[in-house]
Amino acid sequence: MPLSYYKLLLVLCPAFITGRMQSQNDSSLLQRDSMVIHKGIPVVAEKKNPVSTLVVSYDIVITKSREAGIAATYNGGTKTVFADNNKARIRLVSLMRIQSIFLTRAQTGSIDKVVIVKESGKEKYRVDLSQPQWNLYNIKYNDDSIELLEDSTTILEHTCKKAILRLANGKKLTLYYTADIYNETFAAAEPSFADVPGVVLKYEYAADKSNIITYTASDISLLPVDKKVFSVPTKGYAVKKFSSKDSMTTP
Amino acid sequence: MKTTPDIFEQLKDHSTLPPPHLFDMVVKKIQSDKLNGANDPVIPTLPARNKNVFSINRHYWAAAACVLVILSGWLVYSTIAKTPQRKDNNNFAVQQPGETNTTVTNGIAANDKKKNVVVRNVAITTKKQAQSNMVWMVINDEKIPVTDNDLLFTFASYLPGKAPAFLLDESKENIYIRVDSYSAIALTPEIRAMMKRMYEVRRNHKPTARARRERRKLERWKKEDQSHFDKKIDNNPVDPFDLGDFILDK
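Written out as structure tokens, the structure is:
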């Protein structure tokens, strides 16, 4: 091999190695940076392992700086999100109140039918919502944005990444999600989870530094869910109508 | 003194013995009639009218027995349905989500197991009693009635001395109540302390001033919660922002 070839190799190799290192630095810089996703912009993060059935139970813990007051009756409660194919149910169980939201998704993926059911107390009721009414019900999430961060923690043996959901009014929700599993119905059921590329296992809302409500997953199940879970109760429930004027009325 | 008339004395002399085979003939006749289903020639048949009277009496007895059974059933039911709760309370309800037997492990912390009180499937396994909206939860094999799925007022409505022991537990740990296969709620030391204060009574067994105050506070919370979440549609207790703003602000 002529000497000039060796000279050429000596010149090119350092340049090649340096170039690779530079590109690695660039990508690590990108990883360190957070990613902000606004409504309507598709999530670029990879959605791994989609599952048809998912049930996540969250324990509710409330921290308050002064006397707990009415918060004491919600502290220690449970919120469970059930998702099975195109059906979902979110159920809050606390000493003060038990309430569920039943959702059915159309084949197109959009929310087709929603029923809010108050299951406890003397005056139990249900409210049927159409898709536009459901959108109105969750109007606060219309102009939200989510920031995906690289901070991570482990919850129920799942590595979770941090994300911050910001509403247009400045309120924010801190989320920790795992990208190991994904369920579209689950994400659609909770408007605050809609743009998260995974399953949220912990989230907290802080009204200020010392007043915080935290939801932490205590159990994840991929087992089939009994169909009765998704059947909306009717007997003994008053039917209320949704009114866009910020009130519910009994017909 | 002679009481028999003379004529009988005279007739006695004219008596004749019956033919020797007459008795056998009569016996044979009776037996053959019995075999043929004829009425007993000796015991006369009861008239039809009497038969009816007997039948009606029997029906009366059956009806009376039925009424007695129904009454005793109702008494047993009403005794069972009686709860140890005050009549003037606001009861609540825990129903749903449909029955599931999936092997979902709950999120109860392992170190709390000793303190766990398990309410098995309040919503799921509890069956409504006939003609009643009452459901039952089971705590350590003890059946406790819960009406209207309202756990808070069910606990708050116990008469002094009737409250389950776990509500009076003074430990600083949470006590967990399993509501169904997926939900287990925690009774915090704060809420148990509040319950305990509500059960306080004076020497005359009437609630203390503090007990009445605690009860009024609970009723005020209930009303505030209802007016916030049940009257206004844009307040959603399932939503973290709405629930947080409501309870963290109070």
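If you read the sequences in order, they're chains A and B. Taken in order, the first sequence gives residues 249 to 499; the numbers are from my numbering. Taken in order, the second sequence gives residues 435 to 684; the numbers are from my numbering. Even glycine gets a Cβ: it sits at the ideal position worked out from N, Cα and C.
On a Cα-Cα basis, can you pick out the residue from the options that is closest to residue i?
| i | options | result |
| --- | --- | --- |
| Y463 (chain A) | A:N297, A:Y306, A:T301 and A:L302 | A:Y306 |
| R649 (chain B) | B:Y592, B:N669, B:K463 and B:V503 | B:Y592 |
| D614 (chain B) | A:T326, A:I318 and A:I308 | A:T326 |
| D360 (chain A) | A:I429, A:D428, A:L377 and A:L384 | A:L377 |
| Q660 (chain B) | A:A331, A:T352, A:E398 and A:G369 | A:G369 |
| T407 (chain A) | A:L423, A:A427, A:K420 and A:M344 | A:A427 |
| D391 (chain A) | A:A486, A:S440, A:E452 and A:V303 | A:S440 |
| A620 (chain B) | A:A316, A:V304, A:L343 and A:V329 | A:L343 |
| D474 (chain A) | A:F330, A:V304, A:V309 and A:R339 | A:F330 |
| F433 (chain B) | A:R353, A:I461, A:K450 and A:N297 | This structure leaves residue 433 (chain B) out entirely; chain B is present only between 435 and 684. |
| A227 (chain A) | A:E367, A:Q347 and A:V362 | Residue 227 (chain A) falls outside the range modelled here, since chain A spans only 249 to 499, and no answer is possible. |
| G324 (chain A) | A:R345, A:I338 and A:S469 | A:R345 |
| K388 (chain A) | A:E367, A:G418 and A:S400 | A:G418 |
In angstroms with no decimal places, state the Cα-to-Cα distance between residue i and residue j.
| i | j | result |
| --- | --- | --- |
| K287 (chain A) | I394 (chain A) | Residue placement at K287 (chain A) cannot be trusted, given a pLDDT of 49 that sits under 50; the coordinates are not used to answer. |
| R314 (chain A) | D456 (chain A) | 13 Å |
| F663 (chain B) | S617 (chain B) | 22 Å |
| V672 (chain B) | P598 (chain B) | 30 Å |
| A336 (chain A) | S358 (chain A) | 13 Å |
| Y425 (chain A) | S300 (chain A) | 18 Å |
| W655 (chain B) | D683 (chain B) | 13 Å |
| L505 (chain B) | A498 (chain B) | 10 Å |
| A437 (chain A) | I412 (chain A) | 19 Å |
| K410 (chain A) | S512 (chain B) | 56 Å |
| S449 (chain B) | D467 (chain B) | 31 Å |
| P582 (chain B) | K372 (chain A) | Checking the sequence, you will find Asp at residue 582 (chain B) rather than Pro. The straight-line gap from Cα to Cα measures roughly 8 Å. |
| N334 (chain A) | K606 (chain B) | 43 Å |
| A320 (chain A) | S458 (chain A) | 15 Å |
| V480 (chain A) | V635 (chain B) | 43 Å |
| D458 (chain B) | R492 (chain B) | 42 Å |
| E405 (chain A) | D467 (chain A) | 11 Å |
| R374 (chain A) | K489 (chain A) | 8 Å |
| I578 (chain B) | G446 (chain A) | 41 Å |
| K548 (chain B) | I611 (chain B) | Confidence in K548 (chain B) is poor, its pLDDT being 33 and thus under 50, which makes the residue's placement unreliable; the coordinate value appears in the next sentence. Rounded to the nearest angstrom, the two C-alpha atoms are 13 Å apart. |
Could you tell me which chain B residues have their CB closer than 8 Å to the CB of residue i, listed as they occur along the chain?
| i | result |
| --- | --- |
| K312 (chain A) | L682 |
| A411 (chain A) | Chain B residues near A411 (chain A): none, gap ~14 Å exceeds 8 Å. |
| A455 (chain A) | G678, D679, L682 and D683 |
| F490 (chain A) | I667 |
| L421 (chain A) | P674 and F675 |
Listing by chain order, which chain A residues have their CB less than 9 Å from the CB of residue i?
| i | result |
| --- | --- |
| V510 (chain B) | Under the 9 Å cutoff, chain A gives no residues; its nearest Cβ is about 25 Å from V510 (chain B). |
| V501 (chain B) | Within chain A, no residue comes near V501 (chain B); the closest Cβ sits about 31 Å away, beyond 9 Å. |
| W655 (chain B) | G317, I318, A320, T321 and M344 |
| K586 (chain B) | Note on identity: in this sequence residue 586 (chain B) is Leu, with Lys being the wrong assignment. Neighbours of L586 (chain B) on chain A, chain order: T321, S342, L343, M344, R345 and S368. |
For the alpha helix (DSSP H) that residue i lies in, which residues bound it at each end?
| i | result |
| --- | --- |
| H662 (chain B) | A643 to F663 |
| K630 (chain B) | P623 to M632 |
| A590 (chain B) | L585 to A590 |
What residues of chain A sit near residue i, judged by a beta carbon separation below 8 Å?
| i | result |
| --- | --- |
| N658 (chain B) | One point to set straight first is that residue 658 (chain B) is Glu, not Asn, in the sequence displayed. The contacting residues are I318. |
| I625 (chain B) | A320, T321, N323, G324 and L343 |
| D664 (chain B) | K366, E371, Y373 and M496 |
Pull the bridge partners of residue i from the DSSP assignment, please.
| i | result |
| --- | --- |
| A486 (chain A) | A:Y373 |
| K388 (chain A) | Partner(s): none; K388 (chain A) has no beta bridge. |
| K463 (chain B) | BP columns for K463 (chain B) are empty, so no partner. |
| I318 (chain A) | Answer is none; I318 (chain A) lacks a bridge partner. |
| P298 (chain A) | A:Y430 |
| K409 (chain A) | A:S400 and A:Y425 |
| I364 (chain A) | A:I349 and A:V375 |
| R637 (chain B) | Partner(s): none; R637 (chain B) has no beta bridge. |
| V480 (chain A) | Note: V480 (chain A) sits in no beta bridge, so no partner. |
| I359 (chain A) | A:R353 |
| T311 (chain A) | A:I460 |
| I609 (chain B) | B:L621 |
| V304 (chain A) | A:V329 and A:I468 |
Going along chain B, which residues have a C-beta under 9 Å from residue i?
| i | result |
| --- | --- |
| N359 (chain A) | The residue you asked about is not Asn; residue 359 (chain A) is Ile in the sequence shown. Within 9 Å Cβ-Cβ: nothing; I359 (chain A) doesn't reach chain B, min ~15 Å. |
| K388 (chain A) | D668, D673, F675 and D676 |
| S349 (chain A) | Correcting the residue type first, residue 349 (chain A) is Ile in the shown sequence and not Ser. Result: N670 and V672. |
| S440 (chain A) | D673, P674 and F675 |
Return the first residue and the last residue of the beta strand (DSSP E) that residue i is part of.
| i | result |
| --- | --- |
| D676 (chain B) | Counting along the chain, D676 (chain B) falls outside any beta strand (DSSP E), though it belongs to the alpha helix (DSSP H) covering P674 to D683. |
| T426 (chain A) | K420 to T426 |
| T328 (chain A) | T326 to D332 |
| A454 (chain A) | V447 to A454 |
| L340 (chain A) | K335 to V341 |
| D474 (chain A) | From DSSP, D474 (chain A) is part of no beta strand (DSSP E); its letter is neither H nor E. |
| A465 (chain A) | I460 to S469 |
| Y616 (chain B) | Where Y616 (chain B) is concerned, there is no enclosing beta strand (DSSP E), given that its DSSP letter is neither H nor E. |
Under 7 Å between beta-carbons, which chain D residues line up against residue i? List them in chain order, please.
| i | result |
| --- | --- |
| G324 (chain A) | Going by chain labels, chain D is absent from the structure shown, which instead holds the protein chains A and B. |
Run down chain B in chain order and give the residues with a C-beta less than 7 Å from the C-beta of residue i.
| i | result |
| --- | --- |
| S393 (chain A) | Those within 7 Å of S393 (chain A) in chain B number zero; the least Cβ separation is about 15 Å. |
| K341 (chain A) | According to the sequence displayed, residue 341 (chain A) carries Val and not Lys. Within 7 Å Cβ-Cβ: V613, S617 and I619. |
| N459 (chain A) | L682 |
| T328 (chain A) | Y616 and S617 |
| K335 (chain A) | Simply none; closest approach about 12 Å. |
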